[in-house]
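To keep things clear, I will list the structure first and then write my remarks on it.
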Amino acid sequence: MAQIIVMGNEKGGSGKSTSAMHLITALVRDGHTVGAMDFDLRQKSLFRYLDNRTDYMRRHAMTLPMPRRIALEASNADSRTEAEDEETDRFQAAVADLSRDCQYIVIDCPGSYSTYSRLAHASADTLITPMNDSLVDFDMLARLDPSTGRILGPSLYSEMVWKARQSRAATGRRQMDWVVLRNRMSTIDAKNKRRVGSALQELADRIGFRLVPGFSERVIFRELFLSGLTLLDLRADDPQSMTMSNIAARQEVRGLLKALSLEPQSAAA
Ligand SMILES: Nc1ncnc2c1ncn2[C@@H]1O[C@H](COP(=O)(O)OP(=O)(O)O)[C@@H](O)[C@H]1O
Ligand SMILES: [Mg+2]
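Take the working numbering: the last position of the sequence shown gets the number 411, and nothing is skipped along the way.
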């Protein structure tokens with residue numbers, strides 16, 4: 143079966159889709175076969191990005207490595223149980239389909255709970271949770287005492303991940319690797335960076351994730367979206383695109399890939 147990598151957290155605008163695009167591009171550029179699913183059925187940022195990439199190729203009469211995508215629709219069934227059953231069947235069929243020829247399946251989740259999102263979390267070999275690098279965003283991972291900042295317990299989201307891990311353990315598959323990625327790190331506010339870092343480290347041990355090096359705040363992450371490119375597509379011999387900042391950003395993406403230490407997957411038959 144393909145290795146499943148899920149981008150999740152229940153907060154919008156934290157960098158799930160941006161991370162998904164970069165991870166997919168890094169994998170396909172490294173010659174891996176990748177399947178992609180976008181469960182943010184309203185925004186569809188990941189699939190819009192892939193559309194932009196297709197447009198870019200057409201306009202420039204060139205080819206870029208691409209993932210294979212499967213789009214799933216929400217069920218129209220009347221009852222909730224029926225809808226859940228139908229979505230479960232669709233999800234499993236899509237994973238089986240992509241597993242036939244993909245080494246990796248990358249799934250982008252919405253910033254709120256949905257059946258597809260729950261199913262994705264429950265099947266994740268690797269779960270990547272990007273988080274804006276601010277103490278304000280901690281409530282996504284844990285409930286905090288507002289006056290003291292002490293950790294009171296896991297958030298609803300962390301509990302969902304916990305359940306996903308338990309149901310996974312029951313099937314005998316290897317443990318999910320849950321990583322939290324610090325996104326939009328300030329390159330100037332070193333004090334905030336330190337405070338967030340030590341608070342996250344404490345949470346990591348209690349809630350059961352590991353921290354991986356993240357991305358700094360850089361306009362380039364936004365600018366490339368419309369062209370369907372990522373930092374990894376920029377040409378190393380083009381002095382205009384290879385600014386110091388872009389080279390550093392590219393290193394950050396490579397650093398993430400290394401920290402994930404994805405097991406080499408042999409191509410499916
Ligand atoms: N490291 C970053 N630096 C600058 N802008 C970023 C960075 N990461 C994400 N963004 C921007 O923030 C917005 C939200 O990011 P996105 O990946 O769509 O979040 P999510 O999928 O979690 O809702 C997008 O406009 C994106 O371009
Ligand atoms: Mg998104």
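We put the CB at the ideal spot given by N, CA and C, even for glycine.
- Secondary structure of Asn151 (DSSP, three-state): coil.
- Relative to ligand 1, the beta carbon of Gly154 is positioned inside 7 Å of a heavy atom.
- Approximately 17 Å separates the beta-carbon atoms of Arg324 and Gly350; this is outside 8 Å, ruling out the contact.
- Distance check between Arg364 and each of Ser187, Thr175, Met386 places Ser187 closest, using alpha-carbon atoms only.
- A distance below 8 Å between beta-carbons, with the five flanking residues on each side excluded, links Val338 to the following residues of its chain, in chain order: Asp275, Ser276, Leu277, Arg324.
- 8 Å or more divides the Cβ of Ser369 from the Cβ of Arg377.
- Residue environment for Lys158: buried (at least 16 other C-beta atoms within 10 angstroms of its C-beta).
- Beta bridge pairing from DSSP links Ile270 with Met149, Val321.
- The straight-line gap separating the alpha-carbon atoms of Arg195 and Leu371 is approximately 6 Å.
- Under the DSSP assignment, Leu294 falls outside any alpha helix (DSSP H), being part of the beta strand (DSSP E) whose first and last residues are 293-296.
- The residue from Ala144, Ser358, Gly155, Leu404 with its alpha-carbon nearest to that of Cys251 is Gly155.
- Put simply, the region 197-215 does not touch the region 285-303. Fewer than three CB pairs are less than 8 Å apart.
- Residues Met318 of the same chain have their beta carbon placed closer than 6 Å to that of Arg307, with the five preceding and five following residues left out of the count.
- Within the same chain, and ignoring the five residues on either side of Met386 in sequence, no residue has its Cβ closer than 8 Å to its Cβ.
- The beta carbon of Phe189 sits no closer than 7 Å to any heavy atom of ligand 1.
- Ala235 and Arg222 have their C-alpha atoms spaced approximately 20 Å apart.
- Proximity of the beta carbon of Val361 to ligand 1 is indicated: a heavy atom of the ligand is located closer than 7 Å.
- When beta bridges are read from the DSSP output, Ile247 appears opposite Ile146, Gly177.
- For Asp267, same chain residues with a beta-carbon under 6 Å away, outside a window of 5 residues either side, are Gln145, Ile146 in chain order.
- Runs of alpha helix (DSSP H) with 4 or more residues, each lying fully within the region 180-248, are found at 187-201, 222-243, listed in chain order.
- The Cβ atoms of Ser265 and Leu283 lie no closer than 8 Å to each other.
- Annotation: Ala346 is outside any beta strand (DSSP E); the continuous alpha helix (DSSP H) that includes it extends over 332-349.
- In the DSSP assignment, Leu399 falls within the unbroken alpha helix (DSSP H) covering 386-402.
- Less than 8 Å divides the Cβ of Ala219 from the Cβ of Glu228.
- For Arg315, the three-state secondary structure derived from DSSP is coil.
- Taking the Cβ of Gly253 as the reference point, at least one heavy atom of ligand 1 falls within a distance shorter than 7 Å.
- Annotation: Met143 to Cys244 spans about 9 Å, alpha carbon to alpha carbon.
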